[in-house]
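Trainee:
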Amino acid sequence: MNKKFRYSLNSKAFIIGAIIVVLLLNAILITLNGKIALEIDFTEDQIFSLTEESLNIVDQIDKPTEILILTMGEDNETLSMVRNVLENYRQRNDKIDIREVDVIKNPAEVQAYMEEIAYLSVNSLIIRQGDRHETVNAKEFFTSGEYGQFSYVERLTSAKLASFVDGVNISRIVYTTGHGEAASSVMTGVLERDGYQTGQLDILTEEFPEDTKTVVVINAPQQDFATEEISKLDKYLVQGGNVQIYFDPRVPALPNLEKYLAEDWGIIRNNHVILDVNNMVENELFMVAQIGEHDITNPLTESQKRAGYGPANSLSVSPEKPATVIIDTLLSTQDSAYAKESLEKMMEQGELQKMAGDTEGPFDILVAATRETGNVDYDIFTGRLVVSGSSYIFNEMAQDTRFANEDIMLNSINWMNGGNASLTVRIKQLPTGSMIVSRGQFWMWFAILVVVVPLAILGAGLTIFLKRRYK
Amino acid sequence: MKAIYQRELRAYFKTPVGYIFLSAYIFFASLLFALINLQGQNTNMMGFFSNVGMVFVFVIPVLTMRLFSEERKSKTDQLLLTAPVRITDIVFGKFLAASTVLAIGILATMLFVPIMELYGTPLIAQTVIGYLGLFLMGLFFVALGMFMSSLTESQVIAAVSTLAIIFFLWVFGGLSFRFSEIITGTFGFLGKTLDWLMNFISIQNRLYDFNLGTLNIVPVFYFVSLAGLFIFLTIRVIERRRWK
Chain G
1 MNKKFRYSLN
11 SKAFIIGAII
21 VVLLLNAILI
31 TLNGKIALEI
41 DFTEDQIFSL
51 TEESLNIVDQ
61 IDKPTEILIL
71 TMGEDNETLS
81 MVRNVLENYR
91 QRNDKIDIRE
101 VDVIKNPAEV
111 QAYMEEIAYL
121 SVNSLIIRQG
131 DRHETVNAKE
141 FFTSGEYGQF
151 SYVERLTSAK
161 LASFVDGVNI
171 SRIVYTTGHG
181 EAASSVMTGV
191 LERDGYQTGQ
201 LDILTEEFPE
211 DTKTVVVINA
221 PQQDFATEEI
231 SKLDKYLVQG
241 GNVQIYFDPR
251 VPALPNLEKY
261 LAEDWGIIRN
271 NHVILDVNNM
281 VENELFMVAQ
291 IGEHDITNPL
301 TESQKRAGYG
311 PANSLSVSPE
321 KPATVIIDTL
331 LSTQDSAYAK
341 ESLEKMMEQG
351 ELQKMAGDTE
361 GPFDILVAAT
371 RETGNVDYDI
381 FTGRLVVSGS
391 SYIFNEMAQD
401 TRFANEDIML
411 NSINWMNGGN
421 ASLTVRIKQL
431 PTGSMIVSRG
441 QFWMWFAILV
451 VVVPLAILGA
461 GLTIFLKRRY
471 K
Chain P
472 MKAIYQRELR
482 AYFKTPVGYI
492 FLSAYIFFAS
502 LLFALINLQG
512 QNTNMMGFFS
522 NVGMVFVFVI
532 PVLTMRLFSE
542 ERKSKTDQLL
552 LTAPVRITDI
562 VFGKFLAAST
572 VLAIGILATM
582 LFVPIMELYG
592 TPLIAQTVIG
602 YLGLFLMGLF
612 FVALGMFMSS
622 LTESQVIAAV
632 STLAIIFFLW
642 VFGGLSFRFS
652 EIITGTFGFL
662 GKTLDWLMNF
672 ISIQNRLYDF
682 NLGTLNIVPV
692 FYFVSLAGLF
702 IFLTIRVIER
712 RRWK
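Rendered as structure tokens:
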């Protein structure tokens, strides 16, 4: 009896001990998982791992920062994906904490942000540090189109986190008006989504911003600039301002603007039209460019993304380039590119292919330049200029996910704002993997997999069962 | 153990059980694959894995119900318990046999990958991780079902109780998320512990990582440790019976 009792007691203790050990080990692992990375990301584009650019931003967060995920009491795969990406931030930097808040059951928690929450979708984020906060709308997390689905979760979160890093000021971008400039809603949409402020500037009637961090964009002007406007532009650049000029290849000549660029910056716009039918993407007039080496483009070459351009003017360096100017090529065409004399001539010929008389490539189509100037107090200012021979690069193609043009645009703006181009985190492609199955093929596989195979297995089982029974 | 394993595996295919399990699993898995992937024209199997786990909830009790119940009902357990075989070998032999049938079912549905290869580009690494998650979850269910089977001599009770427990664990994911803030808010520390436990036993939460294509040590250890725990509990039950 005593032995039996002792055995029973030992057995129970053993069982309880085993259960406790299992629970404890799991608890330890779950706790560790919140602090260190215990997973390997097998997705094709590493959507659940942070890029170098994000890690660089996360490492610079030195004050307690909280990321709230706004939920509505429903767990789902989207939330799980967002959670999986955000966990990396916490694991990398213990100053960052992630919390899920059910806005229905716990509205007090987000009372201070009620006005903004009204415009946010479920799973949106509030990033807060001290009294400051930023929001990321979940509506912007994923995009899908003809070329796949893309995740912006990491890009947007890192962009907003970057605004909490000391010394990083997110640029303001203003678009000039008054010269028939293109109004690119795609471009402004991209910029505003990533946390940049955008605005307009009428150079003739308004002064250039005093804050030289502002990036002034002259987007596909259709008319030339007045001498007075050129003076204002130059004054801004002399003070260390940032300007981007995108030429529309359909516009024949802008003498004042082109003269200023050639004489003061050594950049010549060649008014011909570049084409490269051998490098066209999916029979559209969008061609694959060669990426040059520069702080703006280096993150792209590392991620092996390609850049594209539409019909373009080429840009070349003037032999009389001022010594204080440094020009770098960001994008150039492939060797197979050629240039038609003009758009009109091309339309006359009605031929996109290379013809006799066309100028042979390669050509530079996107350049970045810096110019150092000093004042009487021996202060040195660096003006930064980005010139594009094709307005297509940052307009029609700005959000074309086949190309990395969006990244180039954002990198160039970040480069202008203190030269930290790596603030832009590339978007990641979700693993969609498409296949084309005809209706006939679908029904064939449906019949085989859903009807024939299960019935065959069941039939085999029945035969064996009956055989054994009547043996 | 080898002899027990072979005997059990043979039993699966000499009786209709193995065939019923395989045909039911392949039928539902194929139906999901056809509707989600073939009709949806995409090779990402995330949707498939999210749903096929539910099929396991219903078919695995069929696979495990007879493991010990049948022996007990037909009194062959007396022979087994008095035979010069270690109880660990008996339990592991039976567990491995059921796991082999489970693996055959999963391997059969892995033929979906070459089918997708015919019409597109499958996401191989992600798909393999999804299948691994499914298999590990299956191992846990098999261990649980075997434990339930060791408690009763009725196959029906073993199957129904296994199904009830797995179903409860399956739906608990949603419940734990829904009531998390109420529980922690109302019951303080006790509530937090309860919330952690609810989250802990939620199967769907563990499966998400695999479905998304990430191999995380937490869910791997979760399924393996729970399978181990139920194998251990089964050994204790059988040992107690032998001792009695």
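Chains G and P are the protein sequences, given in the same order.
With this note's numbering applied, the first sequence corresponds to residues 1 to 471, in that order.
With this note's numbering applied, the second sequence corresponds to residues 472 to 715, in that order.
Heads up, the beta-carbon is just placed ideally off N, CA and C, and yes, glycines get one too.
Every value quoted in this text rests on a predicted model; they were computed, and no experiment measured them.
By alpha-carbon positions, which one of G:N256, G:A323, G:T329 and G:D194 ends up nearest to A289 (chain G)?
Mentor: Within the first sequence, residue 289 (chain G) is the residue found at index 289, counting from 1. Minimum Cα distance to A289 (chain G) is reached at G:T329.
Trainee: Which bits of chain G does G684 (chain P) rub up against, with CB to CB less than 9 Å?
Mentor: On the second sequence, position 213 is the one that residue 684 (chain P) refers to. Residues of chain G passing the Cβ test: D41, F42, T43, E44, I47, F48 and P431.
Trainee: According to DSSP, which residues form a beta bridge with L455 (chain G)?
Mentor: As a first step, residue 455 (chain G) is located in the first sequence; it is residue number 455 there, counting from the start. Beta-bridge pairing links L455 (chain G) to no other residue.
Trainee: What does M72 (chain G) touch in chain P if you count any residue whose Cβ is under 8 Å from its own?
Mentor: In the first sequence, the residue the question calls residue 72 (chain G) occupies position 72. By Cβ distance, chain P contributes nothing, its closest Cβ being about 10 Å from M72 (chain G), past 8 Å.
Trainee: In the DSSP assignment, the alpha helix (DSSP H) including R306 (chain G) goes from what residue to what residue?
Mentor: Position 306 of the first sequence, counting from 1, holds the residue named residue 306 (chain G). Premise fails: R306 (chain G) is in no alpha helix (DSSP H) and is neither H nor E.
Trainee: Going by other Cβ atoms of all chains shown within 10 Å of its Cβ, with 16 needed for buried, is Q223 (chain G) buried or exposed?
Mentor: Here residue 223 (chain G) is taken as the residue at index 223 of the first sequence, counted from 1. Exposed, by the Cβ-count rule.
Trainee: Please report how far the alpha carbon of R6 (chain G) lies from the alpha carbon of A13 (chain G), in whole angstroms.
Mentor: Translated into the one-based positions of the first sequence, residue 6 (chain G) becomes position 6. Translated into the one-based positions of the first sequence, residue 13 (chain G) becomes position 13. Cα-Cα distance, rounded: 11 Å.
Trainee: Just to confirm the assignment, what range does the alpha helix (DSSP H) spanning R436 (chain P) have?
Mentor: Shown here, chain P extends from 472 to 715; a query on residue 436 (chain P) therefore has no answer.
Trainee: Taking the alpha-carbon positions, what's the Y490 (chain P) to L458 (chain G) distance?
Mentor: Taking the second sequence and counting its residues from 1, the one referred to as residue 490 (chain P) is at position 19. Taking the first sequence and counting its residues from 1, the one referred to as residue 458 (chain G) is at position 458. If you take the alpha carbons of Y490 (chain P) and L458 (chain G), they lie about 6 Å apart.
Trainee: Rounded to whole angstroms, what is the Cα-Cα separation between M536 (chain P) and D41 (chain G)?
Mentor: Along the second sequence, read from residue 1 onward, the residue named residue 536 (chain P) stands at position 65. Along the first sequence, read from residue 1 onward, the residue named residue 41 (chain G) stands at position 41. Taking the straight line from one Cα to the other gives about 37 Å.
Trainee: Taking the alpha carbon of K160 (chain G) as the point to measure from, which residue in G:Q353, G:T143, G:V186 and G:R132 has its own alpha carbon closest?
Mentor: For the purposes of this step, residue 160 (chain G) is taken as the residue at position 160 of the first sequence. Out of G:Q353, G:T143, G:V186 and G:R132, G:R132 has the C-alpha closest to the C-alpha of K160 (chain G).
Trainee: Measuring CA to CA, which of G:A138, G:L366, G:I380 and G:G361 is closest to Q334 (chain G)?
Mentor: Here the question's residue 334 (chain G) lines up with position 334 in the first sequence. Per the Cα distances, G:G361.
Trainee: With a cut-off of 8 Å on the beta carbons, I'd call G312 (chain G) and I365 (chain G) a contact; round off their distance for me.
Mentor: As a working mapping, residue 312 (chain G) is identified with position 312 in the first sequence. As a working mapping, residue 365 (chain G) is identified with position 365 in the first sequence. Reading off the sequence, residue 312 (chain G) comes out as Ala, not Gly. A312 (chain G) to I365 (chain G), Cβ: 5 Å. Contact.
Trainee: What whole-angstrom Cβ distance do A505 (chain P) and W445 (chain G) have, given they're in contact under 8 Å?
Mentor: Within the second sequence, numbered from 1, the residue matching residue 505 (chain P) stands at position 34. Within the first sequence, numbered from 1, the residue matching residue 445 (chain G) stands at position 445. That pair is a contact at about 6 Å.
Trainee: Is the separation between the beta-carbon of F527 (chain P) and that of F612 (chain P) shorter than 7 Å?
Mentor: Within the second sequence, residue 527 (chain P) is the residue found at index 56, counting from 1. Within the second sequence, residue 612 (chain P) is the residue found at index 141, counting from 1. Going by C-beta atoms, F527 (chain P) is nearer than 7 Å to F612 (chain P).
Trainee: Are the CB atoms of F563 (chain P) and M472 (chain P) nearer to each other than 7 Å?
Mentor: Taking the first residue of the second sequence as 1, we reach residue 563 (chain P) at position 92. Taking the first residue of the second sequence as 1, we reach residue 472 (chain P) at position 1. For F563 (chain P) and M472 (chain P), yes; Cβs fall inside 7 Å.
Trainee: I'd like to know whether the C-beta of W443 (chain G) is nearer than 7 Å to at least one C-beta of chain P.
Mentor: For the purposes of this step, residue 443 (chain G) is taken as the residue at position 443 of the first sequence. So, not an interface residue.
Trainee: G524 (chain P) versus chain G: which residues are under 9 Å apart at the beta carbon?
Mentor: Counted from its first residue, the second sequence places residue 524 (chain P) at position 53. Those within 9 Å of G524 (chain P) in chain G number zero; the least Cβ separation is about 13 Å.
Trainee: For a contact meaning CB atoms closer than 8 Å, what does A18 (chain G) contact in chain P?
Mentor: The residue labelled residue 18 (chain G) in the question sits at position 18 within the first sequence. The answer, in chain order, is L700, F703 and L704.
Trainee: Checking 7 Å against the spacing of the C-beta atoms, do L125 (chain G) and V110 (chain G) come in under that value?
Mentor: To locate residue 125 (chain G), count along the first sequence from 1; it is residue 125. To locate residue 110 (chain G), count along the first sequence from 1; it is residue 110. Against a cut-off of 7 Å, the Cβ pair of V110 (chain G) and L125 (chain G) comes out as no contact.
Trainee: Could you tell me which chain G residues have their CB closer than 9 Å to the CB of V689 (chain P), listed as they occur along the chain?
Mentor: One-based indexing of the second sequence puts residue 689 (chain P) at position 218. Those within 9 Å of V689 (chain P) in chain G are N26, L29, I30, L32, N33, L38 and E39.
Trainee: Which stretch, first to last residue, makes up the alpha helix (DSSP H) that contains M525 (chain P)?
Mentor: Taking the second sequence and counting its residues from 1, the one referred to as residue 525 (chain P) is at position 54. Start and end: M517 to T535.
Trainee: Return the bridge partner residues of Y498 (chain G) from the DSSP annotation.
Mentor: Chain G is shown only over 1 to 471; residue 498 (chain G) falls outside these bounds and no answer can be derived.
Trainee: Compare the C-beta of L458 (chain G) with all C-beta atoms of chain P and state if any pair is closer than 7 Å.
Mentor: Start at 1 with the first residue of the first sequence, and residue 458 (chain G) comes out as number 458. Yes, contact with chain P.
Trainee: Tell me whether the beta-carbon of F394 (chain G) lies closer than 7 Å to the beta-carbon of G308 (chain G).
Mentor: As a first step, residue 394 (chain G) is located in the first sequence; it is residue number 394 there, counting from the start. As a first step, residue 308 (chain G) is located in the first sequence; it is residue number 308 there, counting from the start. Not in contact: F394 (chain G) and G308 (chain G) (Cβ atoms no closer than 7 Å).
Trainee: Please confirm if the segment 77 to 84 of chain G is in contact with the segment 681 to 694 of chain P, defined as three or more CB-CB distances below 8 Å between the two stretches.
Mentor: The segment 77 to 84 of chain G is in contact with the segment 681 to 694 of chain P.
Trainee: With 16 other CB atoms within 10 Å as the buried threshold, where does I507 (chain P) fall?
Mentor: Residue 507 (chain P) sits at position 36 when you count from the first residue of the second sequence. Buried.
Trainee: If I follow the unbroken beta strand (DSSP E) through Q129 (chain G), where does it start and stop?
Mentor: Residue mapping note: residue 129 (chain G) aligns to position 129 of the first sequence, counting from 1. Here the beta strand (DSSP E) through Q129 (chain G) covers L125 to Q129.
Trainee: Alpha carbon to alpha carbon, what distance is there between E396 (chain G) and Q512 (chain P)?
Mentor: Here residue 512 (chain P) is taken as the residue at index 41 of the second sequence, counted from 1. Here residue 396 (chain G) is taken as the residue at index 396 of the first sequence, counted from 1. For Q512 (chain P) and E396 (chain G), the distance between alpha carbons rounds to 29 Å.
Trainee: Once the 5 residues before and after A37 (chain G) are set aside, which same chain residues still bring their CB inside 8 Å of it?
Mentor: On the first sequence, residue 37 (chain G) is found 37 positions in, with the first residue counted as 1. Result list for A37 (chain G): N88 and Q91, in chain order.
Trainee: In whole angstroms, give me the CA-to-CA distance for D276 (chain G) and R384 (chain G).
Mentor: The sequence position of residue 276 (chain G) within the first sequence is 276, counting from 1. The sequence position of residue 384 (chain G) within the first sequence is 384, counting from 1. Taking the straight line from one Cα to the other gives about 30 Å.
Trainee: In terms of DSSP beta bridges, what is R99 (chain G) paired with?
Mentor: Counting from one through the first sequence, the residue named residue 99 (chain G) turns up at place 99. Answer is G:L68.
Trainee: I'd like to confirm the pairing. Which residues does DSSP put opposite M435 (chain G) in its beta bridges?
Mentor: Stepping through the first sequence from its first residue, residue 435 (chain G) is reached at position 435. M435 (chain G) pairs with P:G591.
Trainee: Please report whether the beta-carbon of I600 (chain P) lies at a distance below 7 Å from any beta-carbon of chain G.
Mentor: Residue mapping note: residue 600 (chain P) aligns to position 129 of the second sequence, counting from 1. Yes, its Cβ sits closer than 7 Å to a Cβ of chain G.
Trainee: Assuming V153 (chain G) contacts Q244 (chain G) (C-beta within less than 8 Å), just tell me the rounded distance between them.
Mentor: Looking up residue 153 (chain G) in the first sequence gives position 153. Looking up residue 244 (chain G) in the first sequence gives position 244. Not really, about 28 Å apart at Cβ, beyond 8 Å.
Trainee: Keeping to the same chain, check which residues put their C-beta closer than 7 Å to that of E406 (chain G); ignore five residues upstream and five downstream.
Mentor: For this step, residue 406 (chain G) is matched to residue 406 along the first sequence. Counting only Cβ-Cβ distances below 7 Å, and skipping sequence neighbours, we find V190, A398 and Q399.
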